[in-house]
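Read through the structure below, which is laid out as structure tokens, and then see the notes.
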Amino acid sequence: GENVEQHPSTLSVQEGDSAVIKCTYSDSASNYFPWYKQELGKRPQLIIDIRSNVGEKKDQRIAVTLNKTAKHFSLHITETQPEDSAVYFCAACKTGNQFYFGTGTSLTVIP
Amino acid sequence: DTAVSQTPKYLVTQMGNDKSIKCEQNLGHDTMYWYKQDSKKFLKIMFSYNNKELIINETVPNRFSPKSPDKAHLNLHINSLELGDSAVYFCASSQELQARWGTEAFFGQGTRLTVV
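Here the protein sequences line up with chains V and B, keeping their order. Just so you know, we're using this note's numbering here: the first sequence kicks off at 3 and counts up by one. Just so you know, we're using this note's numbering here: the second sequence kicks off at 9 and counts up by one.
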């Protein structure tokens with residue numbers, strides 16, 4: 003099966019700085035890579051996703067990059083704000099919708 | 009309109025009991041999942057169902073069994089509960105697996121199970 007690794011497990015940044023979270027995957031058949039944000043006590047919610055036919059995608063302060071050759075993808079958050087504080091999960095998915103999640107990154111944005 | 013709803017939100021029960029968690033989605037999705045989130049926040053897939061067929065069954069104890077009366081529901085039954093079963097259980101759903109690409113999974117609000 004797929005193996006998704008995620009780093010770092012915890013990340014603290016000053017408000018206004020950038021945050022980067024990295025994931026690697028093992029199954030070259032994976033073609034869809036969503037990122038989920040989970041606030042304390044709440045459900046995971048999709049914040050951005052990317053398909054394997056695209057190398058980069060951006061949505062306001064959030065961007066995701068994908069390197070299919072190296073089998074890694076990253077989440078970039080610019081101009082971080084306190085409300086960005088949460089646990090972030092990457093996931094890899096292939097046709098058949100078998101989602102495999104990374105181990106999560108707890109992001110703290112310090113005001 | 010809640011897309012994926014699960015009940016109850018909290019469940020406290022004694023060891024050895026049998027319990028169920030219900031999940032319903034109104035998105036018309038064909039695939040539903042159950043995930044377990046432990047104290048370290050790891051999200052581990054337990055089951056997924058598509059058109060009433062089990063398509064993923066990770067190494068979970070056979071005390072856990074999914075039941076899908078129809079495409080919109082996937083309930084989780086747990087027999088002989090153990091202390092280690094304490095966790096937050098999330099139901100999720102996504103679109104049909106015939107698509108070329110994977111699609112977003114929508115999560116329920118979670119059920120916090122505490123076994124005492």
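The C-beta atom is built at its ideal place from N, Cα and C for all residues, glycine as well.
Subject >> Where residue 84 (chain V) falls: helix, strand or coil (DSSP) >> reply: Judged by DSSP in its simplified three-state form, residue 84 (chain V) adopts helix.
Original post:
Between residue 11 (chain B) and residue 9 (chain V), what straight-line distance do the alpha-carbon atoms span, to the nearest angstrom?
Top reply: Inter-residue distance for residue 11 (chain B) and residue 9 (chain V) is about 31 angstroms (C-alpha atoms, whole angstroms).
Subject >> For residue 114 (chain B): DSSP bridge partner residues >> reply: Beta-bridge partners assigned by DSSP to residue 114 (chain B): B:101.
**OP:** Could you check what DSSP says for residue 35 (chain B) in three-state terms: helix, strand or coil?
**Re:** coil
**OP:** Could you check which residue in V:65, V:104, V:7, V:19 has the C-alpha nearest to that of residue 84 (chain V)?
**Re:** V:19
Subject >> Pair within 8 angstroms by beta-carbon distance, residue 14 (chain B) and residue 31 (chain B) >> reply: yes
Original post:
Taking 8 angstroms as the CB-CB limit, is residue 6 (chain V) close to chain C?
Top reply: The structure shown contains no chain C; its protein chains are V and B.
Original post:
Leaving out the 5 sequence neighbours to the left and right, which residues in its chain are closer than 7 angstroms to residue 51 (chain B) when beta-carbon positions are compared?
Top reply: 43, 45
Original post:
Who are the neighbours of residue 51 (chain V) on chain B, taking C-beta pairs under 8 angstroms?
Top reply: 112
Subject >> Three or more C-beta pairs below 8 angstroms linking the segment 58 to 77 of chain V and the segment 75 to 87 of chain B >> reply: no
Original post:
What does residue 57 (chain V) touch in chain B if you count any residue whose Cβ is under 7 angstroms from its own?
Top reply: None at all; the shortest Cβ gap to chain B is about 16 angstroms.
**OP:** Inspect the beta-carbon positions of residue 73 (chain V) and residue 27 (chain V) and report whether they are closer than 8 angstroms.
**Re:** yes
**OP:** At 9 angstroms on the CB atoms, spell out the chain V contacts of residue 86 (chain B), in chain order.
**Re:** Within 9 angstroms Cβ-Cβ: nothing; residue 86 (chain B) doesn't reach chain V, min ~20 angstroms.
Original post:
Comparing the CB of residue 52 (chain B) with every heavy atom of the ligand COA, is any distance shorter than 7 angstroms?
Top reply: By its list of ligands, the structure shown contains no ligand whatsoever, and the ligand COA lies outside what it can speak to.
Original post:
Which residues bound the beta strand (DSSP E) around residue 12 (chain V)?
Top reply: Unbroken beta strand (DSSP E) run through residue 12 (chain V): 12 to 16.
**OP:** Tell me residue 73 (chain V)'s beta-bridge partners as DSSP assigns them.
**Re:** Bridge partners of residue 73 (chain V): none, in fact.
**OP:** At 9 angstroms on the CB atoms, spell out the chain B contacts of residue 39 (chain V), in chain order.
**Re:** What residue 39 (chain V) touches in chain B: nothing, since even the nearest Cβ is about 11 angstroms away.
Original post:
Is residue 48 (chain V) close to chain B, meaning its C-beta is less than 8 angstroms from at least one C-beta of that chain?
Top reply: At least one chain B Cβ lies under 8 angstroms of residue 48 (chain V).
Subject >> Neighbourhood of residue 95 (chain V) by C-beta distance below 8 angstroms, restricted to the same chain and skipping five residues each side >> reply: 32, 33, 34, 35, 36, 101, 102, listed in sequence order.
**OP:** Could you tell me whether any Cβ in chain B is nearer than 8 angstroms to the Cβ of residue 27 (chain V)?
**Re:** no
**OP:** Can you have a look at residue 20 (chain B) and say buried or exposed, based on whether 16 or more other CB atoms are within 10 angstroms of its CB?
**Re:** By the neighbour-count definition (other C-beta atoms within 10 Å, threshold 16), residue 20 (chain B) is an exposed residue.
Subject >> Environment of residue 23 (chain B) [buried if 16+ CB atoms lie within 10 Å] >> reply: exposed
Subject >> Span of the beta strand (DSSP E) around residue 32 (chain V) >> reply: From DSSP, residue 32 (chain V) is part of no beta strand (DSSP E); its letter is neither H nor E.
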